[in-house]
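Trainee: Be aware that the sequence shown starts at 591, since it is given in the numbering used here, and climbs by one per residue.
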Amino acid sequence: MRTLVITGGTQGIGRALALHYLSRGDQVIAVGTNQVKGEALLTEADRLSAGDRCSFLSADLSSPTMTIRLADRLRTEHPRIDALVFGAFRYQTKRQETAEGIERTLALYVLSRYLLAEELRTTLERAPHPVIVNLCGTGSRAGRLRWDDLQLRRRYRPFAATMQGARANDLLGVAFTVEHPDSPVRYVLHNPLFVNTGLAEPFRQPTRTAVSIIAKLFAAPVDRAIQPIVERIDTPPEPALSAFQARRPIDVTGPGFDPGAARRLTITLRNLTINGAAA
Ligand SMILES: NC(=O)c1ccc[n+]([C@@H]2O[C@H](COP(=O)([O-])OP(=O)(O)OC[C@H]3O[C@@H](n4cnc5c(N)ncnc54)[C@H](OP(=O)(O)O)[C@@H]3O)[C@@H](O)[C@H]2O)c1
591 MRTLVITGGT QGIGRALALH YLSRGDQVIA VGTNQVKGEA LLTEADRLSA
641 GDRCSFLSAD LSSPTMTIRL ADRLRTEHPR IDALVFGAFR YQTKRQETAE
691 GIERTLALYV LSRYLLAEEL RTTLERAPHP VIVNLCGTGS RAGRLRWDDL
741 QLRRRYRPFA ATMQGARAND LLGVAFTVEH PDSPVRYVLH NPLFVNTGLA
791 EPFRQPTRTA VSIIAKLFAA PVDRAIQPIV ERIDTPPEPA LSAFQARRPI
841 DVTGPGFDPG AARRLTITLR NLTINGAAA
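1. I need the DSSP call for P839, collapsed to helix, strand or coil.
2. Closest by CA to E667, which one among K627, L710, P818?
3. Should V621 be listed as close to ligand 2, given that the test is whether its C-beta is under 7 Å from any heavy atom?
4. Measure how close the beta-carbons of R614 and A673 come, nearest whole angstrom, since I'm counting them as under 8 Å.
5. Leaving aside the five residues before and after G677 along the sequence, list all residues of the same chain whose C-beta is less than 8 Å from its C-beta, in chain order.
6. Output yes if chain D places a C-beta closer than 8 Å to the C-beta of E828; else output no.
7. Once the 5 residues before and after T799 are set aside, which same chain residues still bring their CB inside 8 Å of it?
8. Where P829 and P796 are concerned, what is the direct C-alpha to C-alpha distance, given to the nearest angstrom?
9. Helix, strand or coil, according to DSSP, for N861 in the structure here?
10. Please name the residue, chosen from D662, H610, R663, that lies closest to L870 on a Cα-to-Cα basis.
11. So, is A635 buried or exposed, given that buried needs 16 or more other C-beta atoms within 10 angstroms?
12. Does DSSP put F646 in a helix, a strand or coil?
13. Using 7 Å as the cut-off, classify the Cβ of V764 as near or not near the heavy atoms of ligand 1, replying yes or no.
14. In this structure, does DSSP put V775 in helix, strand or coil?
15. May I ask whether a heavy atom of ligand 1 can be found less than 7 Å away from the beta carbon of F834?
16. Within its chain, find whatever has a CB closer than 6 Å to the CB of F766; leave out the 5 residues flanking it on each side and keep chain order.
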C-alpha cells in the first residue's frame, strides 16, 4: 500500500486522483480548507470501502505557518510518503494578502509548494520510487516573474499573477533537483491543460455561469485528464526533473528553467517565510 498526499485533494483533479488511488487500495491524505468538501470525499471513500485509508486534513496552504504545521503533522504520522501531489490552487480575482502579509497567489501557488517539497523530502526519500507531481502551467509561454515586485503590489492582474506562479513553479522544479542532486525523488511538472473542474468557483455571477458553460463545452473531463498523471505517479520518469503538457514532454533546459533564476527564487521564498510582508 502506497501513501499519497494530495493538496487540493477534495475537488477537481486532486479529488479524482484521490478516488483513483483509494479504489486501488492505497492510502490518501487529502488537504483543503473546506470541511464540507473534505467530508464529501470521506463519504465517497466509505462508499468505496476505503474509509480507513482516506483522511482529510484541513489546512489553509496560503499560510506558510499552517503549511509548515501540516508538514510537521504529516512527517509525524507517516514514516513514508510515496507521492506528493500539488493541486491546491485558487484563482484570485482581486489582490489579497494572507495574515502574514503575503500576496495570496504567490503564497498558495508557489510558496506552499516550495515549503512542502522541502519539509517532506526526507519522508519521500524513504519510499522506493518517490515522486512529486506539481500540477501547474508548465509549457506555456505566457507569464514572467516580476523580480522587483513579486507580490504585485504596484499592479495586480489575476491572470498575470497566475502565470507568474506558473513560471515560478517551473523554477521550483529546477531548484529542487539542483539543491538535492542525490535525491531519489523525481520531480514532475504537469500541466493538465484545460480541464472541467472547479474553475468557475472563484468568480461572481454572471461570469461564474459563463466559465462553467465554457468548461463544460471545451474542457477535458477530469477522469481523462488524470490518466497521464496516474502513469507518472505509478512509474516516475527517469530524469530527476521532467515536465509535460498532458502527454507532451516539455524541454526543461530552456530559458524558463534557468538554475540561477531558480536559486534566486528560493532565496526570495525563504526570506518571505521568515520575514513575511517585509520581504
Ligand atoms: N483545471 C484546469 O484547467 C487546470 C489547468 C492548468 C493547471 N491546473 C492546475 O491543476 C491543479 C488542480 O486544479 P483543479 O482545476 O482541479 O482545481 P479546483 O477544482 O479548483 O480545486 C482546487 C483545490 O484546491 C484547494 N484549495 C484552494 N485553496 C486552498 C488553500 N488556501 N489551502 C488548501 N487547499 C486549497 C480546494 O479545496 P478548498 O476549496 O477546500 O480549499 C480544492 O480542493 C491546480 O494546481 C491548477 O493550477 C488546472
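Note that beta-carbon positions come from the ideal geometry of N, C-alpha and C, so glycine has one too.
Mentor: By the coordinates alone:
1. Working through the sequence shown from its first residue, we reach residue 839 at position 249. It is a strand residue.
2. Looking up residue 667 in the sequence shown gives position 77. For the residues K627, L710, P818, the minimum Cα distance to E667 belongs to L710.
3. Here the bound small molecules are ligand 1; ligand 2 is not part of this structure.
4. Locating residue 614 in the sequence shown gives position 24, counting from the first residue. Locating residue 673 in the sequence shown gives position 83, counting from the first residue. The Cβ separation is near 12 Å, so there is no contact.
5. Here residue 677 is taken as the residue at index 87 of the sequence shown, counted from 1. If we look at G677 and ignore the five residues flanking it on each side, its Cβ neighbours are I596, T597, G598, G599, G602, I603, G604, L607, L725.
6. The structure shown has no chain D; it contains just one protein chain.
7. Counted from its first residue, the sequence shown places residue 799 at position 209. Correct list, in chain order: A790.
8. Counted from its first residue, the sequence shown places residue 829 at position 239. Counted from its first residue, the sequence shown places residue 796 at position 206. Roughly 45 Å between the two C-alpha positions.
9. If you number the sequence shown from 1, residue 861 lands on position 271. When secondary structure is reduced to three states using DSSP, N861 falls in the helix class.
10. A question about residue 870 goes unanswered here, because the residues of the chain that appear run from 591 up to 869.
11. If you number the sequence shown from 1, residue 635 lands on position 45. Classification for A635: buried.
12. Within the sequence shown, the letter at position 56 stands for residue 646. Strand.
13. Sequence index remark: in the sequence shown, residue 764 carries index 174 (1-based). Not so, every heavy atom of ligand 1 lies at least 7 Å from the Cβ.
14. Looking up residue 775 in the sequence shown gives position 185. The three-state reading of DSSP puts V775 in coil, since its state is none of H, G, I, E or B.
15. Taking the first residue of the sequence shown as position 1, residue 834 is located at position 244. Within the chosen limit of 7 Å, ligand 1 does not reach the beta carbon of F834 with any heavy atom.
16. Start at 1 with the first residue of the sequence shown, and residue 766 comes out as number 176. The beta carbon of F766 sits closer than 6 Å to those of A707, Y777, all from its chain and outside the five residues before and after it, given in chain order.
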